[in-house]
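A.B. asks: In the numbering used here, the protein residues as written are 39 to 171.
Virtual Cβ for every residue (Gly too), placed ideally from N, Cα, C.
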């Protein structure tokens, strides 16, 4: 029985440490966004004619945003500047590259429908940047 109690204590301590770390990361990101400092949010995007997801970073600084595709992409999809978010949803079963921690934003642009996926806790920053005028 003492081994079980020790294992449970170590597991709970690890869970608390992980939660505190993630909470600090979220607070730091939000503080940087409020202060106007540059933040990078890991995202994957899929364009209207694209068959694959493109990995990259959604960069937000001083009230404007840019898209930086991943370095190892052969022909990366460049996010249009007129993207407007629609609805948010969890990933569908057919979207194999995404796991359950992502949220998918269905967006519209002049080029067609665009999907932007980011992790819970980060997608809100992308949504706020896209809705600013």
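Does DSSP put residue 159 in a helix, in a strand, or in coil?
C.D. replies: Coil at residue 159, not helix or strand.
A.B. asks: Let me confirm a value: residue 84 is counted as buried when at least 16 other C-beta atoms fall within 10 Å, else exposed. Which label applies?
C.D. replies: It counts as buried.
A.B. asks: Is residue 160 buried or exposed, if buried means 16 or more other CB atoms sit within 10 Å of its CB?
C.D. replies: With 16 or more Cβ atoms within 10 Å of its Cβ, residue 160 is classed as buried.
A.B. asks: Taking DSSP as the reference, what is the three-state secondary structure of residue 166?
C.D. replies: Helix at residue 166.
A.B. asks: Can you tell me whether residue 117 is helix, strand or coil according to DSSP?
C.D. replies: Coil, per DSSP.
A.B. asks: Pair every Cβ in the region 94-104 with every Cβ in the region 134-141, then say whether three or more of these pairs are closer than 8 Å.
C.D. replies: Cβ pair count under 8 Å is below three, so no.
A.B. asks: Suppose the cutoff is 8 Å on Cβ atoms and the five residues either side in sequence are ignored; what does the same chain contact list for residue 115 look like?
C.D. replies: Excluding sequence neighbours, residue 115 sits near 83, 84, 85, 88, 92, 107.
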